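Chemist: This is the structure I have questions about; it appears just below.
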Amino acid sequence: MIIIRKMRENDLIFFLELRNSCVEFLHNKKVFTMEECRHWFNKSIRYYIIELDGTPVGYVRTSNKTRRSIYIGADILPEYRRKGIASWALTTIMDMLQKPKYYLEVLETNTIAKKLYEKIGFKELSRKDGSILMEKEMLK
Ligand SMILES: CC(C)(COP(=O)(O)OP(=O)(O)OC[C@H]1O[C@@H](n2cnc3c(N)ncnc32)[C@H](O)[C@@H]1OP(=O)(O)O)[C@@H](O)C(=O)NCCC(=O)NCCS
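For the sequence shown, the numbering used here gives the first residue as 1, with consecutive numbering after it.
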């Protein structure tokens, strides 16, 4: 069974390891410490853990852009990729949060993630410094 739930403090070790293993896919390549991670955890960025049969396999991040829109993104453990997990988790979160618009940023070089985002309905808006800004408008 697959579920998505809010991240808890005892998920931070799992989260940090996966997040730091994916820095090559981020615009800001900084590796974070547990202390920095804890600081974020208590701020406005919201993370959700994806669990497959009770095992954490990835996470979705969301952060406020405006009251009516949110930035989202996902990272999945390598051994669980290409099974539809990110597509399922992102569409589930977007339905749950009920915002009219979602945004995300993806590196131009990350063709795999771009394909995923296009598959779930994101459209390219603009490009800057090697990143693509994408938007999805939800149907009313
Ligand atoms: C990008 C990422 C989150 C995708 O997660 P995932 O659970 O494997 O994605 P899905 O299985 O839902 O794939 C959805 C679509 O993305 C594309 N895709 C995913 N993996 C792919 C691959 N290895 N090669 C080509 N296309 C791929 C396909 O279009 C796929 O649809 P399809 O399987 O029907 O062809 C995952 O590869 C990952 O964590 N990568 C490293 C971190 C990263 O890039 N994060 C995003 C930063 S913006």
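Even for Gly, the Cβ is constructed at its ideal location relative to N, Cα and C.
Treat the numbers as computed from the prediction; the structure is a model and nothing was measured.
1. First and last residue of the beta strand (DSSP E) that includes GLU137?
2. From this set, GLY73, MET138, LEU12, LEU116, which residue's C-alpha is nearest HIS27's C-alpha?
3. Taking 6 angstroms as the cut-off, is the C-beta of ASP129 nearer than that to any heavy atom in ligand 1?
4. If you reduce the DSSP assignment to three classes, tell me which class GLY62 lands in.
5. Excluding the five sequence neighbours on either side, which residues of its own chain have a C-beta within less than 6 angstroms of the C-beta of TYR47, listed in chain order?
6. What whole-angstrom Cβ distance do CYS22 and ASP75 have, given they're in contact under 8 angstroms?
7. Which residues count as close to ligand 1 when the rule is a CB under 6 angstroms from any of its heavy atoms, in chain order?
8. For LEU16, which residues in the same chain have their Cβ closer than 7 angstroms to its Cβ, ignoring the five residues on either side in sequence?
9. Judging by CA-CA distance, which residue of ILE50, LEU139, GLU137 is the nearest neighbour of ALA86?
Modeler: Short version:
1. Here residue 137 refers to the residue found at position 137 when the sequence shown is read from its first residue. Per DSSP, GLU137 belongs to the beta strand (DSSP E) from 131–137.
2. As a first step, residue 27 is located in the sequence shown; it is residue number 27 there, counting from the start. Of GLY73, MET138, LEU12, LEU116, the residue nearest in Cα terms is GLY73.
3. Here residue 129 refers to the residue found at position 129 of the sequence shown. False, no ligand heavy atom lies under 6 angstroms from that Cβ.
4. Here residue 62 corresponds to residue number 62 of the sequence shown, with the count starting at 1. For the record, residue 62 in the displayed sequence is Thr; it is not Gly. Here THR62 sits in strand by DSSP.
5. Taking the sequence shown and counting its residues from 1, one reaches residue 47 at position 47. Closer than 6 angstroms at Cβ, skipping near neighbours: MET7, TYR59, ARG61.
6. Numbered from 1 along the sequence shown, position 22 holds the residue referred to as residue 22. Numbered from 1 along the sequence shown, position 75 holds the residue referred to as residue 75. Going by Cβ atoms, the distance from CYS22 to ASP75 rounds to 5 angstroms, so yes, they are a contact pair.
7. CYS22, PHE25, GLY73, ALA74, ASP75, ILE76, ARG81, ARG82, LYS83, GLY84, ILE85, ALA86, SER87, VAL106, ASN110, ILE112, ALA113, LYS115, LEU116, LYS119
8. Locating residue 16 in the sequence shown gives position 16, counting from the first residue. Excluding positions up to five away in sequence, the list reads PHE32, MET34, CYS37.
9. Locating residue 86 in the sequence shown gives position 86, where the first residue counts as 1. When only C-alpha atoms are compared, the closest one is ILE50.
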